[in-house]
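So the structure is just underneath, and the comments pick up after that.
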Amino acid sequence: MRVALLFAGVAAADYDGPRRENKGPQAIFGASPSDPTAPGPGPNGLAKTPPMGWMSWEIFRCETDCEDHPDSCINDKLYEQMADHIASDGYLHAGYNQVSIDDCWANITGRVNDTMVPDATRFPKGMKAVGDYLHDKGVLFGTYSDEGTKTCGGYPGSKGFEQKDADTYASWGVDYLKLDGCYNDKPGFVTGYPAMGTALQATKRDITYSCSWPAYLGDDETSKPFAAMVDAGCNTWRNWADYESF
Numbered sequence: 061m062r063v064a065l066l067f068a069g070v071a072a073a074d075y076d077g078p079r080r081e082n083k084g085p086q087a088i089f090g091a092s093p094s095d096p097t098a099p100g101p102g103p104n105g106l107a108k109t110p111p112m113g114w115m116s117w118e119i120f121r122c123e124t125d126c127e128d129h130p131d132s133c134i135n136d137k138l139y140e141q142m143a144d145h146i147a148s149d150g151y152l153h154a155g156y157n158q159v160s161i162d163d164c165w166a167n168i169t170g171r172v173n174d175t176m177v178p179d180a181t182r183f184p185k186g187m188k189a190v191g192d193y194l195h196d197k198g199v200l201f202g203t204y205s206d207e208g209t210k211t212c213g214g215y216p217g218s219k220g221f222e223q224k225d226a227d228t229y230a231s232w233g234v235d236y237l238k239l240d241g242c243y244n245d246k247p248g249f250v251t252g253y254p255a256m257g258t259a260l261q262a263t264k265r266d267i268t269y270s271c272s273w274p275a276y277l278g279d280d281e282t283s284k285p286f287a288a289m290v291d292a293g294c295n296t297w298r299n300w301a302d303y304e305s306f
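Going from the sequence shown to the numbering used here is simple: count from 1 and add 60.
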């Protein structure tokens, strides 16, 4: 069943799922070698070695209560502090050169003039300021969105806004985008992931593209459309469910 979703005056079809837990063995979709594909931009030449760095999800998840959890919430201070450690504690020398934001950074009430914006309380200086801070430390700036009507955490997704969002991320100085797959469907994956890959390459900024597409197609790795993911411009992708480290 689909219902109407309204973000900043823009109506879109919403989807019941998949949700965050619907990956790997818990996926609600499967894959077949005969599944349709859609044209994409092809490889962008980036990430010839694996990106290495730090991403907030595994520990900090979607903690947005900065009043009760000031040292462990998703805000600008968290990512700037991690960039400080990456730069000062020897990680850059070892090749760990990226700090990545995950879900729950955006304005939960929706876009502003169709543009993705961060939560103004938790990121009061905006995302370009975060990117500038990381870059001044020699650290790459990663961020997160979703090829659905919503992110897995219920924040605005990129479905239908691929070029707008790609342009926005490029203007912030983003170097890496993780694109999740909640609140969409298989045909939406087939067209949406190439659409974002095309949009990212059209910005002319080098943005490594990480696609969560295969994680939502079950656990038969032999049937997943990896060639289509390469054609979509994906540099990396995830195949499986989340794991818990605590």
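Where is the CB? At the ideal position from N, CA and C, for every residue including glycine.
{"Asked": "Inter-stretch contact at 8 Å, needing at least 3 Cβ pairs: the stretch 143–158 / the stretch 100–107", "Found": "no"}
{"Asked": "Contact belief for aspartate 179 with alanine 166 at Cβ below 8 Å, rounded distance in angstroms", "Found": "7 Å"}
{"Asked": "Local conformation of phenylalanine 249 per DSSP, three classes", "Found": "helix"}
{"Asked": "The stretch 74–84 touching the stretch 222–234, judged by at least three CB pairs closer than 8 Å", "Found": "no"}
{"Asked": "In DSSP terms, what lysine 219 is bridged to", "Found": "Paired residues: none, contrary to the question."}
{"Asked": "Residue from Cys294, Lys246, Phe286 and Lys197 with nearest C-alpha to serine 148", "Found": "Lys197"}
{"Asked": "Bridge-paired residues (DSSP) for leucine 200", "Found": "Gln158"}
{"Asked": "Delimiting residues of the beta strand (DSSP E) encompassing threonine 237", "Found": "Sequence check: residue 237 is leucine here, not threonine. That run of the beta strand (DSSP E) goes 236–240."}
{"Asked": "Tyrosine 269 - containing beta strand (DSSP E), residue span", "Found": "268–271"}
{"Asked": "Beta-bridge partners of tryptophan 165, as assigned by DSSP", "Found": "Bridge partners of tryptophan 165: none, in fact."}
{"Asked": "Distance, arginine 182 Cα to cysteine 126 Cα", "Found": "8 Å"}
{"Asked": "Those residues which DSSP pairs with valine 172 across a bridge", "Found": "Thr175"}
{"Asked": "Reduced DSSP secondary structure (H/G/I, E/B, other) of cysteine 294", "Found": "coil"}
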